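What follows is a short report on a single structure.
Protein chains: 2
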Amino acid sequence: VPETNRQIRLAARPQGELKPDDWEHVDVEAAEPGEGEFAARTVAVSLDPAMRGWLDDRPSYVPPVALGDVMRAGTVVRVTASNHPDYAVGDHVVGVFGVQTHVVSDGSGALKVDIGAAPPATYLGALGMPGMTAYFGLLDVGALREGDTVAISGAAGAVGTVAGQIAKIKGCRVVGIAGGPDKCGMLVDDLGFDATIDYRAEDVRAALRRHAPDGLDVYFDNVGGDILDAALANLAMHARVVICGAISQYNASGAVQGPSNYLALLVRRARMEGFIVFDYARRYGEAAAEIAGWISEGRLKTKEHVVPGTIDDFPATLQMLFRGENVGKLVLELA
Amino acid sequence: VPETNRQIRLAARPQGELKPDDWEHVDVEAAEPGEGEFAARTVAVSLDPAMRGWLDDRPSYVPPVALGDVMRAGTVVRVTASNHPDYAVGDHVVGVFGVQTHVVSDGSGALKVDIGAAPPATYLGALGMPGMTAYFGLLDVGALREGDTVAISGAAGAVGTVAGQIAKIKGCRVVGIAGGPDKCGMLVDDLGFDATIDYRAEDVRAALRRHAPDGLDVYFDNVGGDILDAALANLAMHARVVICGAISQYNASGAVQGPSNYLALLVRRARMEGFIVFDYARRYGEAAAEIAGWISEGRLKTKEHVVPGTIDDFPATLQMLFRGENVGKLVLELA
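Those protein sequences? They're chains Z and R, same order as listed. One rule links them: number in my numbering = place in the first sequence (from 1) + 4. One rule links them: number in my numbering = place in the second sequence (from 1) + 4.
Quick look at the structure:
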């Protein structure tokens with residue numbers, strides 16, 4: 005008896021905030037693995053702010069998810085049948101397998117992971133794309149140097165929690181910007197940030213001036229909007245502004261809010277630079293090995309927000325990101 | 005009988021556009037040169053978009069002009085009396101001597117120039133700050149490479165005319181953005197630009213797509229506002245956006261218009277970087293020598309817009325910049 009593969013597909017191009025109607029939940033027959041393929045069941049689904057951008061029909065760094073297609077997502081899957089010499093039943097594999105309960109793969113773009121060494125969520129977080137993003141964004145694009153003063157927005161998110169800890173490991177002063185006292189407390193008490201700013205309660209521009217009186221050498225931006233402007237008003241000379249994301253703008257149905265203070269780049273002889281982590285694919289191994297080392301030494305703590313549920317919970321879980329309800333890497337874990 | 009030094013001083017902090025009342029015209033007794041000093045009369049006054057920023061009371065790369073102070077300006081002066089061994093009567097000297105008819109200087113920050121080799125306006129233009137700005141902005145900040153596609157806004161201005169010609173000399177395709185058919189015609193017919201866009205008559209975004217179908221490798225921005233956004237929408241991968249100025253925003257009494265398309269930096273893995281030409285002071289000699297060589301070889305044409313008049317014409321002449329009435333370097337030449 006063939007199994008049922010339940011898929012979450014894009015039903016409509018969302019306007020502004022995502023709605024339940026933007027998705028359709030579809031059952032299809034689970035495919036059998038052909039020669040050189042394996043079949044697997046989904047164990048954990050990654051939820052990422054970048055997903056919002058993949059839903060819009062405009063040119064970007066990846067093609068948009070087509071209407072009717074299974075939603076693109078990184079997942080961890082467990083092999084249930086295999087005609088592939090490198091994959092055995094019971095193996096765990098990470099890849100961009102999409103939001104569905106069952107997958108068949110020839111292994112291209114996939115990576116076998118040791119679920120004994122770290123839980124699935126970590127392979128979607130600190131050892132996955134968010135970890136790579138933090139690592140290359142800060143060290144390569146941000147050209148981080150020991151002694152730098154660094155501010156990170158979205159600091160309690162999947163990328164921010166890793167980025168802040170890497171900056172600490174590299175001998176920097178780190179100011180985290182996050183929403184609410186719980187997140188801010190966690191960043192200082194648990195992850196060792198030097199200071200935090202609760203953007204919901206504080207004037208970010210004034211608080212940055214207080215916490216970084218000599219200005220920011222590196223600003224790692226995950227949010228855009230007013231917080232980006234506050235950071236631009238507090239740059240040190242020759243600062244590097246790393247544009248990683250702009251979650252405050254992803255649901256905007258009108259124009260994106262451009263940074264009004266961008267002329268600070270001129271006054272401070274600073275640069276603002278964007279990047280896409282995929283460009284660093286050849287160096288993922290190097291970064292993952294270094295991050296894994298820091299984790300095992302207890303110098304970098306993984307923060308994961310695991311939501312248990314079914315594949316049908318994907319749309320509601322994704323919303324948590326845009327409401328700031330997650331702490332660390334948001335993952336939907338399937339029973 | 006001591007001579008009279010007529011000065012243009014800042015009387016009020018301008019709000020938005022400059023008004024005649026923002027200035028006062030004051031006569032003082034011309035100073036006598038002390039030991040190690042020379043006295044000189046002003047021959048030519050530079051008018052620069054950056055001057056608008058110097059009038060606002062906020063932190064920038066130079067202190068604001070204080071209320072009651074002589075307006076800051078680069079000038080060419082002719083020595084009339086000297087107690088300085090390096091300067092003789094009749095010598096021409098360029099320096100930041102301010103908007104006044106008479107100056108006394110000990111020569112610090114001043115440079116003697118050969119008025120036989122080039123007219124005063126050229127020492128305030130292609131061989132002065134605008135030339136240095138074009139040279140270092142394009143070659144150093146913009147990291148210009150042979151074969152690049154380059155767009156320049158404010159292309160018919162003091163910096164733009166030099167920048168476009170340097171890009172041509174370096175083997176690039178150059179698209180100039182300027183206001184009106186006369187300026188655009190001059191850029192192509194006279195200065196050898198490959199294409200131009202009349203921003204008053206054309207949709208700049210669409211025109212850039214047409215003239216640079218593979219995107220811009222370098223965008224040199226003098227204007228900000230909508231034109232910056234149009235350029236950001238047309239970047240090639242790994243593009244460099246050089247922030248030199250933002251003349252469209254200098255008279256804004258509200259917030260500066262931030263570039264709504266800044267997330268193109270992420271999609272295109274591009275960087276936007278500001279600079280201040282003063283940081284390159286040690287290399288001015290090198291740049292001036294190279295530019296002078298190109299001029300003498302006929303590869304770089306100087307474009308100067310010389311307004312004859314008196315020092316009292318400074319405020320009205322400055323307005324020409326913000327109305328786009330000048331072609332090339334705007335200079336007030338005193339009788």
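By construction, the Cβ of each residue, glycine as well, lies at the ideal position given by its N, Cα and C atoms. All of these numbers come straight from a predicted model, not from anything done at the bench.
If you ignore the 5 residues before and after Ala35 of chain Z, its C-beta comes within less than 6 Å of the C-beta of Val108, all in its own chain and listed in chain order. By alpha-carbon distance to Pro134 of chain Z, the top candidate from Z:Gly120, Z:Gln169, Z:Val154, Z:Ile119 is Z:Gln169. Here the alpha carbon of Val98 of chain Z sits roughly 12 Å from the alpha carbon of Pro123 of chain Z. If the five residues before and after Asn330 of chain R are omitted, its C-beta is found closer than 6 Å to the C-beta atoms of His309, Met324, all from its own chain and listed in chain order. Cα atoms of Pro319 of chain R and Pro24 of chain R: separation of roughly 7 Å, rounded to the nearest angstrom.
For Glu294 of chain R, the enclosing alpha helix (DSSP H) stretches over residues 288-300. With respect to chain R, the C-beta atom of Met55 of chain Z has no partner C-beta closer than 8 Å. When the beta-carbon positions are compared, Gly175 of chain R and Gly151 of chain R come within less than 8 Å of each other. Straight through space, the alpha carbons of Asp95 of chain Z and Val117 of chain Z are spaced by roughly 8 Å. Tyr266 of chain Z and Leu195 of chain R have their C-alpha atoms some 31 Å from each other. Counting the other CB atoms within 10 Å of its CB gives Asn226 of chain R a total of 16 or more, which places it among the buried residues. Taking a C-beta cut-off of 9 Å against chain Z, the contacting residues of the segment 263-293 of chain R are Pro263, Ser264, Asn265, Tyr266, Leu267, Ala268, Leu269, Leu270, Val271, Arg272, Arg273, Ala274, Arg275, Met276, Glu277, Gly278, Phe279, Ile280, Asp283, listed in chain order.
Think of a sphere of 9 Å around the beta carbon of Tyr65 of chain R: the chain Z residues whose beta carbon falls inside it are Leu270, Val271, Arg272, Arg273, in chain order. Measuring C-alpha to C-alpha distances from Leu51 of chain R to each of R:Arg62, R:Ala15, R:Phe101, R:Asp90 identifies R:Phe101 as the nearest. Taking a C-beta cut-off of 7 Å against chain Z, the contacting residues of the segment 222-251 of chain R are Ile247, Ala250, listed in chain order. Within chain Z, not a single residue places a beta-carbon under 8 Å from that of Ala147 of chain R; the smallest gap is close to 11 Å.
Pairing Lys305 of chain Z with Val208 of chain Z, the inter-Cα distance amounts to about 26 Å. Gly313 of chain R is positioned such that its CB atom lies no closer than 8 Å to that of Gln261 of chain R. Listed along chain Z are Ser264, each with a C-beta nearer than 8 Å to that of Ala259 of chain R.
For Tyr223 of chain R, the uninterrupted beta strand (DSSP E) segment begins and ends at 220-225.
In this chain, the alpha helix (DSSP H) harbouring Ala138 of chain Z covers 133-140. The secondary-structure analysis by DSSP pairs Trp58 of chain R with nothing; it has no beta-bridge partner.
Boundaries of the alpha helix (DSSP H) harbouring Val163 of chain R: 162-173, taken from the DSSP string. The DSSP assignment places complete beta strand (DSSP E) segments of no fewer than 3 residues inside the segment 74-144 of chain Z at 79-86, 96-99, 106-109, 115-117, in order along the chain. Between Gly158 of chain R and Ile247 of chain R, the gap from beta carbon to beta carbon reaches 8 Å or more. Note on geometry: alpha-carbon atoms of Thr126 of chain Z and Gly132 of chain Z lie some 7 Å from one another.
In terms of Cβ geometry, Asp233 of chain R and Pro263 of chain R form a close pair [threshold 8 Å]. The three-state secondary structure of Asp31 of chain R, taken from DSSP, is strand. Leu232 of chain R: member of the alpha helix (DSSP H) spanning 229-236, first to last residue. Secondary structure at Thr321 of chain R: helix, using DSSP grouped into helix, strand and coil.
Going by beta carbons, Val192 of chain Z and Ala155 of chain Z fall outside the 8 Å limit. Going by beta carbons, Thr46 of chain Z and Leu334 of chain Z fall outside the 8 Å limit. Between the segment 197-205 of chain Z and the segment 236-247 of chain Z, the count of Cβ pairs shorter than 8 Å is below three; the stretches do not touch.
Cβ neighbours of Ile173 of chain Z within its own chain (closer than 8 Å, five residues either side excluded): Trp298, Arg303, Leu304.
Around the beta carbon of Glu290 of chain Z, fewer than 16 other beta carbons sit within 10 angstroms, so the residue counts as exposed. At a Cβ-Cβ threshold of 8 Å, Val145 of chain R and Phe279 of chain R count as neighbours.
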